[in-house]
Amino acid sequence: MNESKKCKESFVVKTSIVLPPDTNAYGTLFGGKLMAYIDDVAGISAMRHARKNVVTASTDSVDFLHPIYQGNSVCLEAFVTYTGRSSMEIFVKVIAEDLLSGERNICAMSFLTMVAIDENGKPTPVPSVIPETEEEKSLYDSAKERADIRKNRRKDSEYRAKKYGINQSI
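For the sequence shown, the working numbering begins at 1028 and goes up steadily by one.
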């Protein structure tokens, strides 16, 4: 596949208000709920880029930098930063806003890897990505390093799965 697309073509924004059922005992957004939002916008971004179905291959660490309180809006921005043959790295930035004061904080960031699949569930080629802004270029330039870290982490996970598999007692 020789097609290329600009990062901005995969740009996704999702904004929600944090309601009581979304919060823990401290009145802040459940971390798991935020992680589901992150996976959701990353998947939409990847599908927008590839125009194919996608599956999540990995989620890099999600660092919770600032709490998101009940009544805040939570805005997630995502776009494809790098592509392999069938895989895409998606960057997700999470911003909370106190709707009464207007104060905004970056609350989390994460990188996810999505893989495009064909009608048989097999990996299929995706367009390459063209970074334009300084942020896009910076993320693109550092993507290979992140990909190498992911590959090593996956090898470690595969090793541990074999070593401590389902037949191991606790």
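Just so you know, even glycine gets a beta-carbon here, dropped at the ideal spot from N, CA and C. A quick note: this is a predicted structure, and the numbers were derived from the prediction, not measured.
Should residue i and residue j be called a contact, given that it needs their Cβ atoms to be closer than 8 Å?
{"i": "Phe1091", "j": "Gly1059", "result": "no"}
{"i": "Ser1072", "j": "Val1039", "result": "yes"}
{"i": "Ala1123", "j": "Ile1144", "result": "no"}
{"i": "Val1082", "j": "Val1142", "result": "yes"}
{"i": "Ser1043", "j": "Val1089", "result": "no"}
{"i": "Arg1177", "j": "Thr1151", "result": "no"}
{"i": "Asn1099", "j": "Asp1067", "result": "no"}
{"i": "Thr1108", "j": "Glu1163", "result": "yes"}
Just the Cα atoms here: how many angstroms apart are residue i and residue j?
{"i": "Val1045", "j": "Cys1034", "result": "29 Å"}
{"i": "Ser1114", "j": "Arg1131", "result": "32 Å"}
{"i": "Thr1086", "j": "Leu1056", "result": "19 Å"}
{"i": "Cys1134", "j": "Ser1169", "result": "22 Å"}
{"i": "Ser1184", "j": "Ile1117", "result": "21 Å"}
{"i": "Gly1070", "j": "Tyr1053", "result": "29 Å"}
{"i": "Lys1198", "j": "Leu1103", "result": "Since the displayed the chain opens at 1028 and closes at 1197, residue 1198 lies outside it and no answer follows."}
{"i": "Arg1180", "j": "Val1156", "result": "24 Å"}
{"i": "Tyr1167", "j": "Pro1048", "result": "37 Å"}
{"i": "Leu1127", "j": "Ala1063", "result": "26 Å"}
{"i": "Gly1148", "j": "Lys1182", "result": "22 Å"}
{"i": "Leu1061", "j": "Asn1051", "result": "12 Å"}
{"i": "Glu1161", "j": "Arg1173", "result": "18 Å"}
{"i": "Asp1175", "j": "Ala1084", "result": "14 Å"}
Give every residue of the same chain whose Cβ lies closer than 8 Å to the Cβ of residue i, excluding the five residues on either side of it in the sequence, and list them in chain order.
{"i": "Arg1187", "result": "none"}
{"i": "Glu1159", "result": "Lys1033, Cys1034 and Lys1035"}
{"i": "Pro1154", "result": "Met1028, Glu1030, Ser1031, Lys1032, His1076, Ala1077 and Thr1110"}
{"i": "Phe1106", "result": "Cys1034, Lys1035, Ser1037, Phe1038, Val1039, Ser1072, Ile1117, Phe1118 and Glu1163"}
{"i": "Lys1171", "result": "Tyr1109"}
{"i": "Arg1112", "result": "Pro1150, Pro1152 and Val1153"}
Which residues share a DSSP beta bridge with residue i?
{"i": "Arg1131", "result": "Glu1124"}
{"i": "Ser1088", "result": "Answer is none; Ser1088 lacks a bridge partner."}
{"i": "Cys1102", "result": "Thr1042 and Ile1122"}
{"i": "Asn1080", "result": "Ile1144"}
{"i": "Ser1031", "result": "Ser1155"}
The ligand MG and residue i: does the residue's C-beta get closer than 7 Å to at least one heavy atom of that ligand?
{"i": "Leu1166", "result": "Looking for the ligand MG in the displayed structure turns up nothing, as the structure carries no ligands at all."}
Can you list, in chain order, the residues of its chain with a C-beta nearer than 6 Å to that of residue i? Leave out the 5 residues immediately preceding and following it.
{"i": "Ile1065", "result": "Val1119 and Ser1137"}
{"i": "Lys1041", "result": "Val1068 and Leu1103"}
{"i": "His1093", "result": "Asn1132 and Cys1134"}
{"i": "Val1121", "result": "Leu1103, Cys1134 and Ala1135"}
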